[in-house]
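In the working numbering, the protein residues as written are 40 to 290.
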């Protein structure tokens with residue numbers, strides 16, 4: 040409910056927002072989710088068990104849903120439950136910057152916080168273990184961090200088609216925006232000034248970068264040490280800080 044009571048309230052009617060939720064083996068939680076879905080009508084349930092191992096399957100389901108029900112939208116924005124979005128500032132940068140890039144790269148593009156030279160973990164005891172028969176290279180291609188990224192329906196369509204030729208790994212961001220995006224030659228834009236990997240506001244480490252109109256570049260932050268997820272008003276307070284950013288340096 041914290042997302043509902045914070046940044047989701049700012050979503051305009053021109054946007055379509057949905058929560059994607061997998062199945063849980065906790066019957067009480069499942070009942071609560073179903074009651075919330077009935078009340079608000081904005082939850083999409085997949086038939087996939089909600090777990091870290093199924094992240095890529097869940098993301099694939101979300102992509103397929105978009106392609107089926109909203110194939111002609113301009114963009115698809117993926118936002119984790121750990122992230123906060125300044126919707127108004129996001130719209131500003133869509134119009135000022137991202138639309139131009141989208142046109143320049145033939146609608147095959149992904150914006151986000153680009154991670155590079157990720158080492159493939161081969162230790163089977165590690166959470167991010169990937170066996171050689173699934174992916175045999177020592178490093179992953181550059182990929183957008185999964186906390187929040189922006190892409191297009193055309194890119195999603197191409198990724199879903201190409202994904203049919205690959206064995207899945209469980210990290211959806213690495214798989215879709217890295218391995219698959221590289222195969223389809225989608226352009227990956229490092230927009231880390233807009234999409235923060237963590238939460239610079241919690242540590243007063245925001246770079247204070249703004250455009251000539253005084254509008255901050257930053258519009259998305261992600262929980263780092265529980266300052267958003269684990270506090271009663273974590274989402275509201277984080278959103279208030281994000282919206283209240285002011286520039287002290289002219290760019």
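Ideal Cβ placement from N, Cα and C applies to all residues, glycine included.
The model shown is predicted, which means the values in this text are computed figures rather than measured ones.
Less than 8 Å between the beta carbons of residue i and residue j, yes or no?
| i | j | result |
| --- | --- | --- |
| residue 188 | residue 151 | yes |
| residue 52 | residue 211 | no |
| residue 173 | residue 201 | no |
| residue 46 | residue 124 | yes |
| residue 90 | residue 186 | no |
| residue 259 | residue 235 | yes |
| residue 103 | residue 196 | no |
| residue 240 | residue 278 | no |
| residue 148 | residue 208 | no |
The beta strand (DSSP E) with residue i in it runs from where to where?
| i | result |
| --- | --- |
| residue 107 | From DSSP, residue 107 is part of no beta strand (DSSP E) but of the alpha helix (DSSP H) over 94-108. |
| residue 188 | 187-190 |
| residue 141 | It is not in any beta strand (DSSP E) - residue 141 instead sits in the alpha helix (DSSP H) that spans 138-143. |
So residue i is in the alpha helix (DSSP H); what residue range does that whole segment cover?
| i | result |
| --- | --- |
| residue 227 | No alpha helix (DSSP H) holds residue 227; the beta strand (DSSP E) holding it covers 226-229. |
| residue 126 | 126-132 |
Out of curiosity, what's the CA-to-CA distance linking residue i and residue j?
| i | j | result |
| --- | --- | --- |
| residue 290 | residue 255 | The predicted model places residue 290 with a pLDDT of 44, which falls under 50 and marks its position as unreliable, so this point remains unresolved. |
| residue 180 | residue 213 | 8 Å |
| residue 160 | residue 110 | 36 Å |
| residue 146 | residue 134 | 15 Å |
| residue 139 | residue 184 | 22 Å |
| residue 285 | residue 205 | 45 Å |
| residue 54 | residue 162 | 43 Å |
Return the bridge partner residues of residue i from the DSSP annotation.
| i | result |
| --- | --- |
| residue 151 | 229 |
| residue 159 | Answer is none; residue 159 lacks a bridge partner. |
| residue 182 | 154 |
| residue 116 | 189 |
| residue 88 | 62 |
### Task
Could you name each continuous beta strand (DSSP E) segment of 3 residues or more that falls completely within the segment 231-276, going from the start of the chain to the end?
Along the length of the segment 231-276, whole beta strand (DSSP E) runs at least 3 residues long occupy 259-261, reported in chain order.
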